[in-house]
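In UniProt numbering, the protein residues as written are 1 to 144.
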């Protein structure tokens with residue numbers, strides 16, 4: 001039965017491509033490199049080969065010398081007050097802040113959730129005041 005199929009001539013079908021993708025393919029534009037090229041058969045892939053999404057963004061940033069998530073601790077040169085709170089930069093309307101007091105390590109770490117819905121947030125231990133410095137899109141999560 002299969003031997004009869006092997007003798008049949010195969011006719012090549014024309015490849016159909018949508019009109020929208022044709023100019024992009026011929027223009028030489030490529031998508032962003034947030035997908036790794038994967039591991040080759042027979043070898044163990046590296047992190048750069050198999051990382052995708054935010055992990056790949058972080059790896060590419062480290063290769064360029066950029067900390068894409070800005071994980072450095074805040075410079076606490078003063079205690080925040082209601083008139084002059086410590087500004088917390090954020091691209092999201094909510095951020096978790098660990099307060100250790102002023103000067104640093106004056107008390108155990110107390111985690112505060114700083115949001116843009118309230119103007120100021122105060123540490124219950126030392127009284128330092130924090131405010132969110134929101135730079136993101138306020139309508140980013142209204143896509144549902």
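Where is the CB? At the ideal position from N, CA and C, for every residue including glycine.
Exercise for review: Would you mind stating whether residue 128 and residue 79 have Cβ atoms separated by less than 8 angstroms?
Suggested key: yes
Review point. Using 8 angstroms as the threshold, is the region 105-119 in touch with the region 59-69, meaning 3 or more CB pairs across them?
Key: no
Exercise for review: Go to residue 98, then tell me how far its beta strand (DSSP E) extends in each direction, as first and last residue.
Suggested key: 94-99
Practice item. On a CA-only basis, which of 123, 125, 138 and 114 is nearest residue 132? Give me that one, please. Key: 114
**Study point:** Extent of the continuous alpha helix (DSSP H) to which residue 60 belongs
**Key:** 53-64
Review point. Quick one, which of 102, 99 and 92 has its alpha-carbon nearest residue 137's?
Key: 92
Exercise for review: Give the secondary structure of residue 105 by DSSP, where H, G and I count as helix, E and B as strand, and everything else as coil.
Suggested key: coil
Point to revise | Status (buried if at least 16 other CB within 10 Å, exposed otherwise) for residue 97 | key: buried
Check your understanding: Taking the C-alpha atoms as reference points, what is the distance between residue 126 and residue 102?
Key -> 8 angstroms
Point to revise | 7 angstroms Cβ shell around residue 85 - same chain, five flanking residues per side excluded | key: 120, 129, 130 and 131
Point to revise | Sequence-distant residues of its chain with Cβ nearer than 7 angstroms to residue 68 (five each side left out) | key: 57, 58 and 61
Practice item. Determine the direct distance from the alpha carbon of residue 38 to that of residue 52, and round the result to whole angstroms. Key: 10 angstroms
**Study point:** Alpha carbon of residue 43 to alpha carbon of residue 50, nearest angstrom
**Key:** 12 angstroms
Point to revise | For residue 110 and residue 99, the rounded distance between their alpha carbons | key: 5 angstroms
Point to revise | residue 139 vs residue 89 beta-carbon contact at 8 angstroms | key: no
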